[in-house]
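Student:
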Amino acid sequence: MNAAGFGIDNKERDMDCIILDGKALAALRAPLFAERVRALKAANGDAVPVLATILVGDDPSSATYVKMKGNACRAIGMASRAVMLPADTTTAQLLAEIDALNADPDVHGILLQHPVPAQIDERQCFDRINIAKDVDGVTSLGFGRMALGEPAFGSATPAGIMSLLAHHGIGLAGKRAVVVGRSAILGKPMALMLSNAHATVTLCHSRTVDLEAEVRRADILVGAVGKPHFIRADWIKDGAVVIDAGYHQGGIGDIEPTGLVQRCLAVTPVPGGVGPMTISTLVGQTLDAACAAADL
Ligand code: NAP
123 MNAAGFGIDN KERDMDCIIL DGKALAALRA PLFAERVRAL KAANGDAVPV
173 LATILVGDDP SSATYVKMKG NACRAIGMAS RAVMLPADTT TAQLLAEIDA
223 LNADPDVHGI LLQHPVPAQI DERQCFDRIN IAKDVDGVTS LGFGRMALGE
273 PAFGSATPAG IMSLLAHHGI GLAGKRAVVV GRSAILGKPM ALMLSNAHAT
323 VTLCHSRTVD LEAEVRRADI LVGAVGKPHF IRADWIKDGA VVIDAGYHQG
373 GIGDIEPTGL VQRCLAVTPV PGGVGPMTIS TLVGQTLDAA CAAADL
């Protein structure tokens, strides 16, 4: 038994730290998605699943993420439709675009790239997305259903992390999970998903009094702070499972990685860990939405 009590001991298994390789898992899932797209096309008069992406403004990182999501759709035979809006778009204008996509039967999923410019009411716009097309899990209704354990598309980043943990057989029941960051798209849904999977969850944020002490207790640690290498490697106990959701220029995450591979049960690489799973989850959920729309 390793230090965190997972019943998977790296030494017993004569292997190194488990690398939670999101790029590899996304590559493994892509042909399965492609096969489902072909089956859907065959059963549905050649119609392909379509993900509509909405980008407001010209933030280069957001533009790159949107482009990557479109590319991932095309790689498995799905289509994407890019809606590009100027930085001075109003809430009313964005709501009208969302209404048009909601009403379009050829569109199966809608992604509104976060963050939007400050003058826009982002929550109102997220909530305008039809629940059946909320493949990024951003609506209040979808969040509520997920929190209650009811069927809903999960927020793509935490849902992707859950898939990565499940794929590597990392059991969560009874484990102490610590999530650092409580944003609506990442930290909060992550904490609820881990709780639904029977982990005992602590959700930390900027008012947490002794973050280091909280992190030290983690069997499973998720860093979602948005600050490069903010969580120090020497706060993390031996045998922990370390998930770094952060991404900063130069391939830097939110967790300092020094020495973790030598003493942790499992770690996500940055890049190549959480990011590819976010995109894969979004694509998979769009495919699910298209299948549901076609009653398949
Ligand atoms: P965010 O909205 O800025 O939220 C950051 C969270 O960190 C907030 O809850 C904040 O607490 C907390 N925080 C800030 N300073 C802290 C401190 N000193 N101690 C403890 N907590 C602190 O960020 P986000 O959108 O969730 O993104 C987080 C990270 O994930 C970023 O690096 C982002 O690039 C990355 N990300 C990656 C993907 C992916 O697909 N790989 C997707 C989304 C985001 P308060 O609530 O108290 O302010």
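With the working numbering applied, the sequence shown corresponds to residues 123 to 418, in that order. Here a beta-carbon is modelled for each residue, glycine too, at the ideal position from N, C-alpha and C. This one's a predicted model, so the numbers in the text were calculated from it and none came from an experiment.
Rounding to the nearest angstrom, what Cα-Cα distance links M315 and G395 in this structure?
Tutor: As a working note, residue 315 is residue 193 in the sequence shown. As a working note, residue 395 is residue 273 in the sequence shown. Computed Cα separation, rounded: 18 Å.
Student: By Cβ distance, which residues of its chain are closer than 8 Å to R151, with the 5 residues on each side in sequence left out?
Tutor: In the sequence shown, the residue the question calls residue 151 occupies position 29. Excluding residues within five positions, the ones whose Cβ falls inside 8 Å are S402 and G406.
Student: Residue ranges of each beta strand (DSSP E) run of no fewer than 3 residues wholly in the stretch 196-256, ordered along the chain?
Tutor: Runs of the beta strand (DSSP E) inside the stretch 196-256: 201-207 and 231-234.
Student: Quick check on R279: does DSSP put it in helix, strand or coil?
Tutor: Reading the sequence shown from its first residue, position 157 is the one you call residue 279. According to the sequence shown, residue 279 is Thr rather than Arg. It is helical.
Student: Could you please give me the residues that DSSP links to V364 through a beta bridge?
Tutor: Along the sequence shown, read from residue 1 onward, the residue named residue 364 stands at position 242. Beta-bridge pairing links V364 to L343 and V389.
Student: Can V260 and V172 be called in contact, C-beta distance under 9 Å?
Tutor: In the sequence shown, residue 260 corresponds to position 138, counting from 1. In the sequence shown, residue 172 corresponds to position 50, counting from 1. It is not a contact, given that the beta carbons lie outside the stated cut-off.
Student: Is DSSP giving R135 helix, strand or coil here?
Tutor: Here residue 135 corresponds to residue number 13 of the sequence shown, with the count starting at 1. For R135, the predicted model reports a pLDDT of 43, less than 50, meaning its position is unreliable and no value from the coordinates is stated.
Student: Please report how far the alpha carbon of I232 lies from the alpha carbon of I283, in whole angstroms.
Tutor: The residue labelled residue 232 in the question sits at position 110 within the sequence shown. The residue labelled residue 283 in the question sits at position 161 within the sequence shown. Straight-line Cα distance between these residues: approximately 21 Å.
Student: Please name the residue in E334, N318, L177 and L162 whose C-alpha comes closest to that of L270.
Tutor: Taking the sequence shown and counting its residues from 1, one reaches residue 270 at position 148. Measuring from the Cα of L270, the nearest candidate turns out to be N318.
Student: Short of 6 Å in beta carbon distance, which residues of its chain neighbour V301, apart from the five on each side in sequence? Order them along the chain.
Tutor: For the purposes of this step, residue 301 is identified with residue 179 of the sequence shown, where counting begins at 1. Counting only Cβ-Cβ distances below 6 Å, and skipping sequence neighbours, we find G309, M312, A313, L325 and V344.
Student: Going by DSSP in three states, R329 sits in which element: helix, strand or coil?
Tutor: For this step, residue 329 is matched to residue 207 along the sequence shown. The answer is coil: DSSP assigns R329 none of H, G, I, E or B.
Student: Quick one: is the Cβ of L480 within less than 8 Å of any heavy atom of the ligand NAP?
Tutor: Beyond the ends of the chain as shown, which are 123 and 418, falls residue 480; an answer cannot be given.
Student: By DSSP, does M123 sit in helix, in strand, or in coil?
Tutor: The residue labelled residue 123 in the question sits at position 1 within the sequence shown. For M123, the predicted model reports a pLDDT of 47, less than 50, meaning its position is unreliable and no value from the coordinates is stated.
Student: Given that a residue counts as buried once 16 or more other Cβ atoms are within 10 Å of its Cβ, and exposed if not, what is L418?
Tutor: Mapped onto the sequence shown, residue 418 falls at position 296. Burial call: exposed.
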